[in-house]
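*Asks:* Handing you a structure now.
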Amino acid sequence: MIQGTGKVISNRKIKPGYCLMAVKCQPIAKKAKPGQFLTIRCGDTDTPLLRRPFGFHRINASGFEILYEIKGKGTRFLSGLKPGGMIDLLGPLGNGFTVPKGRKNFIILAGGIGVAPLASLADALAKIKSGKTYAILGARSRKNLLCVEHFGNIGIETIVATDDGSCGEKCFATDILNSFLSVKKDFRPVIFACGPRGMLKAAGRIAEKRGLECYVSLEENIACGVGACLGCAIKTGSGYKLVCKDGPVFNAKEVIW
Amino acid sequence: MVKPNLKVKIGGLELKNPVTVASGTFGSGEEYRKLVDLNKIGAIVTKSVTLKPREGNPPPRVVETPSGMLNSIGLQNDGIDAFIKDKVPFLNKVKTAVIVSIAAHRVEDYAAIAGKLDKIKRVDAIEINISCPNVEGGLEFAREPGSAAAVVRAVRRASKKPVITKLSPNVKDITEIAMAVEEAGSDAVSLVNTFTGMAIDIDTRRPVLGNVVGGLSGPAIKPIALRMAWETAKKVKIPIIGMGGIMCYEDALEFIIAGASAVQIGTANFVNPRVAVEIIDGIEEYMRKEGIKNIKELTGCLKR
Chain A
3 MIQGTGKVIS
13 NRKIKPGYCL
23 MAVKCQPIAK
33 KAKPGQFLTI
43 RCGDTDTPLL
53 RRPFGFHRIN
63 ASGFEILYEI
73 KGKGTRFLSG
83 LKPGGMIDLL
93 GPLGNGFTVP
103 KGRKNFIILA
113 GGIGVAPLAS
123 LADALAKIKS
133 GKTYAILGAR
143 SRKNLLCVEH
153 FGNIGIETIV
163 ATDDGSCGEK
173 CFATDILNSF
183 LSVKKDFRPV
193 IFACGPRGML
203 KAAGRIAEKR
213 GLECYVSLEE
223 NIACGVGACL
233 GCAIKTGSGY
243 KLVCKDGPVF
253 NAKEVIW
Chain B
25 MVKPNLKVKI
35 GGLELKNPVT
45 VASGTFGSGE
55 EYRKLVDLNK
65 IGAIVTKSVT
75 LKPREGNPPP
85 RVVETPSGML
95 NSIGLQNDGI
105 DAFIKDKVPF
115 LNKVKTAVIV
125 SIAAHRVEDY
135 AAIAGKLDKI
145 KRVDAIEINI
155 SCPNVEGGLE
165 FAREPGSAAA
175 VVRAVRRASK
185 KPVITKLSPN
195 VKDITEIAMA
205 VEEAGSDAVS
215 LVNTFTGMAI
225 DIDTRRPVLG
235 NVVGGLSGPA
245 IKPIALRMAW
255 ETAKKVKIPI
265 IGMGGIMCYE
275 DALEFIIAGA
285 SAVQIGTANF
295 VNPRVAVEII
305 DGIEEYMRKE
315 GIKNIKELTG
325 CLKR
């Protein structure tokens, strides 16, 4: 956990409303793991006030990428940053995705901007040679669909679903997950998911029904990011847990939806 | 020029400087150990502890509002026995004052917690939280001078440690409560706790917070908090610890000039974990520039 200054290397719109920012900050990059997050101070005024949390999209030796949707005051500020700009970072925070020992088959399930922290996980899973990883990417529409090429580029077979059918199948990502698992009965993957709460809940239920492990990355409003304020609590089978410190990745069966 | 003297006294407790971190915003200090030199901070006020464990309020518990934030944590904590077992060992290693915030529903529970803390050498003072807006009955003791005084008297009897009473702004007249707790033997007052507020999601037409209402903190409340600190300073002789939206050393100095002997930094810790130390440095720099040798010269120096 380090509070450090990052230098913006690039910051470009990849689709209307979505940006990809590359940041150089070696001390944080060196420690960051897929599924962990960092918080960024978005400006130096009272608006926005609190630091904003972002998952690491991709991680390299000297920096990382942040994929974000321009949605509010914080991300609007970020979208205006130019290469060379300096930002106040705090991270890596929380616990990332853990790949259970000996497991080789995986499914990455993403909904909308939820794909952001799954790209770095995909990079790691693609290196496990003896098994197979599939990605199921869902979005409201083609214009909200992100990173499909990236998954293809690293050799992960990718299935796409959109709510309006403008790309891939017209259904939810979890519908694809369900039918995929029905067909490939012996595949027995570990599922890693990030996206809207409803999608994660459905994924957890599908996994449980089939006796599969499912890990979900959850979101909550975050104030301190370090486990001090107890603001980002979620309900679990063993009481309230903190998204910032105990998560953001949780075993789906622990979460009370 | 000689190094300015930043030491302040809160009852029998001497702080190395007037900048402390507010209860609930800094955990027990351990959470921030990698981010800030805890030994530089004037005091750590730990998250309110209750007699028995409390699980806290349903989420969402925090939301940002214009120039501030609402929280409704609901006093989540593991109880006093777990605090002593799990948190004090770390605090033993920290070389600054430790003030433990306590909260309860009943006068006898306040006394019971204070009694347990009295035996812990590491605890330098007790802050009585009579002003949590986020639990049912949490404000009960803050609203009436008589009941506020009763809590202070009970804690006084149970512990020899300096007692600070944290006041709520959600009252008719905060100075009346301050005078009552002074009379009852409180060594200092800290003010203000958060203002009760709420936010609504117009898409779902539901309250944003799981608890419906929460406490407003941050820069949005600073002018009101400052006015309350100033009014209280005119009415009591005991030291005042000022807080409410302090984000920088200039804000801290405003509270001190208004009459505060020390300050607490709350929401700003979330924005910048190093802020308390930066505020200490800023105050010291200001004193050098202004030729002020002792911070006590600044307390209540407001010109009219």
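First to last, the sequence lines map onto chains A and B. So for the first sequence, the working numbering puts the first residue at 3; every next one is plus one. So for the second sequence, the working numbering puts the first residue at 25; every next one is plus one. Using N, Cα and C, we set each Cβ at its ideal position, and we do this for glycine too.
Which two residues bound the contiguous alpha helix (DSSP H) that contains residue 256 of chain B?
*Replies:* Unbroken alpha helix (DSSP H) run through residue 256 of chain B: 246-259.
*Asks:* Hey, residue 67 of chain B and residue 123 of chain B are a contact pair by Cβ (cut 8 Å); roughly how many whole angstroms apart?
*Replies:* That belief holds up - the Cβ atoms of residue 67 of chain B and residue 123 of chain B are roughly 5 Å apart, short of 8 Å.
*Asks:* Report the option in B/183, B/180, B/201 whose CA atom is closest to the CA atom of residue 167 of chain B.
*Replies:* Looking at the Cα atoms, B/201 is the closest of the given residues.
*Asks:* Does any C-beta atom of chain A lie closer than 8 Å to the C-beta of residue 279 of chain B?
*Replies:* Answer no: the Cβ-Cβ gap between residue 279 of chain B and chain A never drops below 8 Å.
*Asks:* Alpha carbon to alpha carbon, what distance is there between residue 119 of chain A and residue 316 of chain B?
*Replies:* Rounded to whole angstroms, residue 316 of chain B to residue 119 of chain A spans 52 Å at the Cα level.
*Asks:* Just the Cα atoms here: how many angstroms apart are residue 114 of chain B and residue 151 of chain B?
*Replies:* When rounded, the distance between both Cα atoms is 19 Å.
*Asks:* If you measure between the beta carbons of residue 240 of chain B and residue 278 of chain B, is that distance less than 8 Å?
*Replies:* No, Cβ-Cβ distance for residue 240 of chain B and residue 278 of chain B is not below 8 Å.
*Asks:* Can you tell me whether residue 7 of chain A is buried or exposed? The criterion is at least 16 other CB atoms within 10 Å of its CB, across all chains shown.
*Replies:* Classification of residue 7 of chain A: exposed, given that the 10 Å Cβ count is below 16.
*Asks:* By the 10 Å Cβ neighbour count, where 16 or more other Cβ atoms means buried, how is residue 178 of chain A classified, buried or exposed?
*Replies:* Label assigned to residue 178 of chain A: buried.
*Asks:* On a Cα-Cα basis, can you pick out the residue from A/88, A/89, A/72, A/87 that is closest to residue 81 of chain A?
*Replies:* The shortest Cα separation from residue 81 of chain A among A/88, A/89, A/72, A/87 belongs to A/72.
*Asks:* Just to confirm my understanding: we take residue 319 of chain B, look at its own chain, exclude 5 residues before and 5 after, and list those with CB closer than 8 Å. What are they?
*Replies:* Once the five neighbours on either side are set aside, the close Cβ partners of residue 319 of chain B are 28, 29, 30, 31, 32, 41, 42, 280, 307, 311.
*Asks:* Excluding five sequence neighbours on each side, which residues of the same chain lie with their C-beta closer than 6 Å to the C-beta of residue 206 of chain A?
*Replies:* These residues qualify, in order along the chain: 216, 254.
*Asks:* Report yes or no: is there a C-beta of chain A within less than 8 Å of the C-beta of residue 187 of chain B?
*Replies:* Chain A, which has no Cβ nearer than 8 Å to the Cβ of residue 187 of chain B, makes this no.
*Asks:* Identify which residue in A/50, A/158, A/21 has its Cα closest to the Cα of residue 244 of chain B.
*Replies:* Minimum Cα distance to residue 244 of chain B is reached at A/50.
*Asks:* For residue 36 of chain A, which residues of its own chain have a beta-carbon under 6 Å away from its beta-carbon, when the five flanking residues on both sides are left out?
*Replies:* 98, 99, 122, 123, 126.
*Asks:* In angstroms, rounded to a whole number, what distance separates the CA positions of residue 59 of chain B and residue 29 of chain A?
*Replies:* Spanning the two alpha carbons is a distance of roughly 13 Å.
*Asks:* Do residue 39 of chain A and residue 65 of chain A have their C-beta atoms closer together than 8 Å?
*Replies:* No. Outside cutoff.
*Asks:* Given a limit of 7 Å on CB to CB distance, which residues of the region 202-233 of chain A reach chain B?
*Replies:* Listed by position, the residues of the region 202-233 of chain A near chain B (Cβ gap below 7 Å) are 222, 223, 225, 226, 228, 229, 230, 231, 232, 233.
*Asks:* Excluding five sequence neighbours on each side, which residues of the same chain lie with their C-beta closer than 8 Å to the C-beta of residue 142 of chain B?
*Replies:* Excluding residues within five positions, the ones whose Cβ falls inside 8 Å are 182, 183, 184, 185.
*Asks:* Helix, strand or coil, according to DSSP, for residue 26 of chain A in the structure here?
*Replies:* Strand at residue 26 of chain A.
*Asks:* Kindly indicate if chain B contains any beta-carbon less than 8 Å away from that of residue 88 of chain A.
*Replies:* No, no contact with chain B.
*Asks:* Which residues in the same chain as residue 54 of chain B place their Cβ atom closer than 6 Å to its Cβ, once the five residues preceding and following it in sequence are excluded?
*Replies:* These residues qualify, in order along the chain: 114.
*Asks:* Compare the beta carbon distance of residue 220 of chain A and residue 20 of chain A with 8 Å and say whether it is the shorter of the two.
*Replies:* Cβ atoms of residue 220 of chain A and residue 20 of chain A: not closer than 8 Å.
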